[in-house]
Structure formats: C-alpha cells, structure tokens
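Chains as they are written, first to last, in our numbering: chain A, -1 to 112; chain B, 556 to 669.
We put the beta carbon where it would ideally sit given N, CA and C, even for glycine.
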C-alpha cells in the first residue's frame, strides 16, 4: 500500500527564517510520482511541483527548493527567507504510474509571522 | 478558461436529506476526481472517473454516488446525508492517462450536515 507521512503537523516561524517541511513516503512501485500542493487560507489547492522517481535532481524555484532522496524515501520542501504569504497548509502526495489517484499526507500547517 | 468550478460553494443539510454537488471543467480533461478534506486527515479520494460514462470507487466511497454523463461534468450525490459527511469536498481533473499528471482542483464545497 502507498502511504505519505508528514510528521510535522504545525510549524511556526518568523519572517525571513528558512523552513523545511518533511515528507516521507512508502510505495512498492518502481515508477511513481511525488507532488507538493499548497492550500492558502482561501482554501484552494495550488500545485507546486511534481517529481518522478527516476529524477533525483533537486529542484529550485525562487525561494522554494525540493530535495528528493530515494534512499530515505523522502521528498522534503524548503522555503528560504519565508514570508507571511507563505502561511498555508502544505500537502505532499504520491501516486504510481498506473495509479488512479493521489495519496495525500495529512498536511503541515505553516504559520509565518512578521 | 474557468478551469474547475464547483457548485454550490456552501450548503447546510439536515440528516437524511439528499443533494448533488456539481463539478465542471473546461480543459477537456479525461480524468476527474472527488475528494473530501477533513481536519487532520488530508484529502481522501471518494470516487473518480477515467472518462465519460465511467466511474470507480476510491478510498472512502460509502454513502456517495457519482455520475459522468458528459465529459466536462462530474456529479457527486449524497442520497441520505449523515453528520459524518460534514466536510469540504474538492473536485479535480487531470489530462492524459493516469493520476501522475497534475491535478487541477476546484475551489471546494463546504458541506455541513446537521
């Protein structure tokens, strides 16, 4: 069975701090895909990134970066120099190539104060 | 493009009442999904559809029915609402085959069952 664990339920930081959101996954598939979604207070889900299991290169997009390590089954998300607008719930999700739906973690609530 | 839209945005039902949630997408996506989001639980898949006229059960299908009569629409029905169905419901759609493609989410429907 597939499973996604986001052990950090809530994180609070002060603006400009760096913060890392952890994501650990379980799957028996050799081909799979990992996602991060952001859910701001307004409630919609915003796609951030998709990574396939064959691409272990780290990804950087502005203040966001992702570290994918198959050896530890982790796909961690780091926000550099956090801002108040980063306050949201962040979900990590997993699916296999033949999968029918995303398996979501329970989410990490990030609060950034000024 | 409107993307994925959901109707209604809010609804309050009494136990035993029925209702239908409508999801519409204008991106010509084949795959459509219904999720529910409960506090501390992340998103869980209720039903999904891989094309017009086809539907399948997800992780938590009990108490719900779905129909996909038109490619652009995916309906979620509650025949006899129960308080346990109080939740936020999200519809999503994706292009191509397989859940490994990016899913585009609607804004959500907040349902309260009294």
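Supposed contact pair residue j and residue i - C-beta distance, whole angstroms, cut 8 Å
i: residue 598 of chain B; j: residue 592 of chain B; result: 5 Å
i: residue 619 of chain B; j: residue 602 of chain B; result: 6 Å
i: residue 570 of chain B; j: residue 636 of chain B; result: 6 Å
i: residue 589 of chain B; j: residue 644 of chain B; result: 7 Å
i: residue 639 of chain B; j: residue 623 of chain B; result: So it is not a contact: roughly 25 Å between Cβ atoms.
i: residue 625 of chain B; j: residue 614 of chain B; result: Going by Cβ atoms, the distance from residue 625 of chain B to residue 614 of chain B rounds to 25 Å, so no, they are not a contact pair.
Limits of the beta strand (DSSP E) - the one that residue i falls within
i: residue 16 of chain A; result: No beta strand (DSSP E) holds residue 16 of chain A; DSSP gives it neither H nor E.
i: residue 50 of chain A; result: 44 to 50
i: residue 640 of chain B; result: Unbroken run through residue 640 of chain B: none, as it is neither H nor E.
i: residue 74 of chain A; result: 72 to 77
i: residue 612 of chain B; result: 609 to 612
i: residue 605 of chain B; result: 597 to 606
i: residue 622 of chain B; result: 620 to 622
i: residue 588 of chain B; result: 586 to 593
i: residue 2 of chain A; result: 1 to 3
i: residue 36 of chain A; result: 30 to 37
i: residue 574 of chain B; result: 574 to 580
i: residue 566 of chain B; result: 565 to 568
CB contact check: residue i to chain B, cutoff 8 Å
i: residue 99 of chain A; result: yes
i: residue 43 of chain A; result: yes
i: residue 61 of chain A; result: no
i: residue 49 of chain A; result: no
Within-8 Å CB hit, residue i to chain A
i: residue 597 of chain B; result: yes
i: residue 608 of chain B; result: no
i: residue 658 of chain B; result: yes
i: residue 565 of chain B; result: no
i: residue 629 of chain B; result: no
i: residue 600 of chain B; result: yes
i: residue 588 of chain B; result: yes
i: residue 579 of chain B; result: no
Contact test: residue i Cβ vs the ligand SAH heavy atom, cutoff 7 Å
i: residue 597 of chain B; result: In the structure shown, the ligand SAH is absent, as is every other ligand, since no ligand is present at all.
Exercise. So does the region 46 to 57 of chain A actually touch the region 13 to 33 of chain A, counting three or more Cβ pairs closer than 8 Å?
Worked result: yes
Exercise. On the three-pair Cβ rule with 8 Å, is the region 92 to 104 of chain A touching the region 37 to 45 of chain A?
Worked result: no
Exercise. Would you call the region 4 to 18 of chain A and the region 69 to 77 of chain A touching, i.e. three or more CB-CB distances under 8 Å?
Worked result: yes
For this session: Flag this pair as touching only if the region 8 to 15 of chain A and the region 55 to 67 of chain A have three or more C-beta atom pairs under 8 Å; answer yes or no.
Result: no
For this session: Write down every uninterrupted run of the beta strand (DSSP E) in the region 76 to 110 of chain A whose length is 3 residues or greater and which is fully enclosed by it, in chain order.
Result: 86 to 94
Problem set entry | Three-pair Cβ contact test at 8 Å for the region 576 to 584 of chain B versus the region 558 to 568 of chain B | yes
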